Amino acid sequence: GKAKSVIWLFINGGPSQVDTWDYKPELEKLDGKELKGFDKNTGFFANSVGPLMKSPFEFTPRGQCGKMVSSIFPKLGEHVDKMAFIHSGYTESNNHSPALFMMNSGLPRMGNPCLGSWVTYGLGSESRDLPAFVVMSDPLNRGLPKGAAANWGAGFLPSVYQGTWLKPKGDPIDNLNRPAHMDDAQQTRQLALLKKLNGGHLETRPGDAELEARIKSFELAYRMQTAAPKAFDIEQEPEHIKKLYGIDEKRCDHVARQCLTARRMVERGVRFVQIYSGGMANQRSWDGHNDIQGNHSQFAGETDTPIAGLLTDLEQRGLLKDTLVIWGGEFGRLPLSQKSQKPGRDHNPHCFTTWMAGGGIKGGVSYGESDEIGHHAAVDKAHVNDIHATILHQLGFDHEKLTYTHNGRRFRLTDVGGNVIKPILA
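Going by our numbering, the first residue of the sequence shown is number -13, and it counts up by one from there.
Rendered as structure tokens:
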């Protein structure tokens, strides 16, 4: 494969394609008109369907490729020549939790292994001293994504492949440091006894994945005592790097720290890093049902400088060619307004935009098209399975052959679908 690791920026809540990367001049012309024949159950609020609504943001051509980009991404727009846009994404649910499970695990229900688990199952870890798969969620007390930890669960794969969630406040991982009264020799003896007891317990329960994972996590935790604090210590970074990511800028400091941590992780051999933008306690995410202009301005402001900084930094360190960076949410949003004091947009499973950069992806290209108003994926439609097949391909897998037998049948991330999106590969 071209890529060795993945950084997935999960744009939690469902970003609007027509207000970010999918420029629709026709929508401007039709602003305020009713969409005839529209199925009011497409979104979530059938009683609040308004007329077609143009984007409140101006689009301008950016980069050598001239990609039309919304004004909410002044810094990210500088990087379009690194990005491959998929404008024809579509999914199977208009509800956050099932759509999140779909985007993470390829099926719209919980209990299946997520992409990060499949990748670490297939490739293992490059680091003995850090988890292979790390997840960061919103650090401003706005909650977890809908579906919470099921989004980074290993499902029926051995539990050792689940994501390690980093706590947004305080120590990223609880109980990592040994008690102050204990020295290294004492701790080593204690862990040896624990391993012996757990091992004896396991002999009477062969194949108990939970117990095997617990044994392995004790071993990893011991090694992480020295490795993890170094990886998380972004104060070691020079001032110009902190500035590049937007650290100490009030509106984006929290995401800047996460993006810089992601680079430090990947640099140290962590295989898969997922960062969620925004949380779903009271919909405080990109879920712009009310005031799409204010909502997307805020969340783009939180992420624009940090993600642009991450791309610049990965490239200048020679890491971008080996690191697949993904930007996208669980679905798109409707080209119609959702009636509110300040109009918003409702969920749209029929069309979304996602982009990838690095990891052997062709830059400055767009694949697929939505219809003229951005309502449905129209040309070269890309199902979630196709996006997953493409990510696995870049990591060196044939998505049809990465399988695991469970309950008497073979399962895979792409279920019975999936075609690699070849035009975006370098």
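We put the beta carbon where it would ideally sit given N, CA and C, even for glycine. If you're wondering where the values come from, they're calculated on a predicted model, not measured in any experiment.
For Phe285, is the classification buried or exposed, using 16 other Cβ atoms within 10 angstroms of its Cβ as the cut-off for buried? With 16 or more Cβ atoms within 10 Å of its Cβ, Phe285 is classed as buried.
Going by beta carbon distance, what residues of the same chain come within less than 7 Å of Ala375, once the five residues before and after it are set aside? Excluding residues within five positions, the ones whose Cβ falls inside 7 Å are His385, Thr400, Gly404, Asn405, Val406.
Could you name the residues that DSSP lists as bridge partners for Trp272? Bridge partners of Trp272: none, in fact.
Endpoints, the alpha helix (DSSP H) within which Ser103 is located: Residues 101 to 109.
Count the CB pairs spanning the segment -1 to 12 and the segment 274 to 283 that are closer than 8 Å, and state whether there are at least three. Cβ pair count under 8 Å is three or more, so yes.
Check the C-beta distance from Ala199 over to Leu162 and give it rounded, since I have them as a contact under 8 Å. With a Cβ gap of about 17 Å, Ala199 and Leu162 do not count as contacting.
Proximity below 7 Å, CB of Gly29 to CB of Asp372: No, they are not a contact pair.
Residue nearest to Gly49 in terms of C-alpha spacing, selected from Lys216, Lys61, Ala85: It is Lys61 whose Cα lies nearest to the Cα of Gly49.
What is the residue span of the alpha helix (DSSP H) that Gln212 lies within? It should be pointed out that residue 212 corresponds to Thr in this sequence rather than to Gln. From DSSP, the alpha helix (DSSP H) with Thr212 extends over 195 to 218.
Pull up the distance between the alpha-carbon of Glu189 and that of Phe204, whole angstroms please. Taking the straight line from one Cα to the other gives about 18 Å.
Given a cut-off of 7 Å, decide if Leu(-5) and Trp341 are closer than it, judged by their beta-carbon atoms. No Cβ-Cβ contact shorter than 7 Å links Trp341 with Leu(-5).
Proximity below 7 Å, CB of Ala195 to CB of Pro154: Not a contact, by the Cβ cut-off of 7 Å.
Would you give the residue range spanned by the alpha helix (DSSP H) that Ala85 belongs to? Element bounds for Ala85: 82 to 91.
Is the beta carbon of Phe317 less than 7 Å from the beta carbon of Ala85? With contacts defined as CB atoms closer than 7 Å, Phe317 and Ala85 qualify as a contacting pair.
Closest to Ser79 by CA distance: which of Met88, Asn281, Phe71 is it? Among Met88, Asn281, Phe71, the Cα nearest to that of Ser79 is on Met88.
Cβ-based burial, Asn393 [other Cβ within 10 Å; buried from 16]: That one is exposed.
Whose C-alpha, out of Asp219, Leu246, Gln222, is nearest the C-alpha of Gly232? Closest by C-alpha distance to Gly232, out of Asp219, Leu246, Gln222, is Leu246.
Three-way DSSP call (helix, strand, coil) for Ala343 in this model: Here Ala343 sits in strand by DSSP.
Anticipated Cβ contact below 8 Å, Val4 with Ser41, distance rounded: With a Cβ gap of about 6 Å, Val4 and Ser41 count as contacting.
Leaving out five residues before and five after Pro117 in sequence, what residues of the same chain have Cβ atoms less than 6 Å from its Cβ? Result list for Pro117: Thr150, in chain order.
As a quick exercise: from Pro47, Asp115, Val35, Tyr76, pick the residue whose alpha carbon is nearest that of Val64. According to the sequence shown, residue 64 is Glu rather than Val. The shortest C-alpha separation from Glu64 is found at Pro47.
Report yes or no: do the segment 261 to 269 and the segment 31 to 41 share at least 3 C-beta pairs separated by less than 8 Å? Flag = no, the segment 261 to 269 and the segment 31 to 41 do not touch.
Which same chain residues, not among the five before or five after Lys202, have their C-beta less than 6 Å away from its C-beta? Sequence-distant Cβ neighbours of Lys202 in its own chain, meaning closer than 6 Å and more than five residues away, are Val146.
For His369, tell me which candidate among Asp234, Pro335, Val35, Lys236 has the shortest Cα-Cα distance. Minimum Cα distance to His369 is reached at Pro335.
The beta strand (DSSP E) enclosing Gly314, as first and last residue numbers: Its beta strand (DSSP E) spans residues 309 to 314.
Looking only at DSSP bridge pairs, what is Val351 linked to? Answer is Ala70.
Reference Asp308, options Pro192, Phe45, Arg257, closest by Cα: The candidate whose alpha carbon is nearest that of Asp308 is Arg257.
Endpoints, the alpha helix (DSSP H) within which Thr298 is located: It spans 278 to 302 - the alpha helix (DSSP H) in which Thr298 sits, taken as one unbroken run.
Cβ pair count under 8 Å reaching 3, the segment 287 to 295 against the segment 235 to 244: Judged by Cβ distances under 8 Å, the segment 287 to 295 makes contact with the segment 235 to 244, as three or more pairs qualify.
Assuming Lys325 contacts Ser34 under a Cβ cut-off of 8 Å, what Cβ separation, rounded to an integer in Å, is found between them? Confirmed, Cβ separation roughly 4 Å.
Is DSSP giving Leu152 helix, strand or coil here? Leu152: strand per DSSP, three-state reduction.
For Gly129, count neighbouring Cβ atoms within 10 angstroms of its own Cβ and tell me buried if that reaches 16, exposed if not. A residue is called buried once 16 or more other Cβ atoms fall within 10 Å of its Cβ, and Gly129 is buried on that count.
Tell me which residue opens and which closes the beta strand (DSSP E) that Gln324 is part of. Gln324 -> beta strand (DSSP E) spans 322 to 324.
Rounded to the nearest angstrom, what separates Lys216 and Arg250 at their Cα positions? One C-alpha to the other measures close to 9 Å.
Alpha carbon to alpha carbon, how far is Leu305 from Lys68? Cα-Cα distance, rounded: 13 Å.
At which residues does the beta strand (DSSP E) containing Thr46 begin and terminate? Start and end: 45 to 48.
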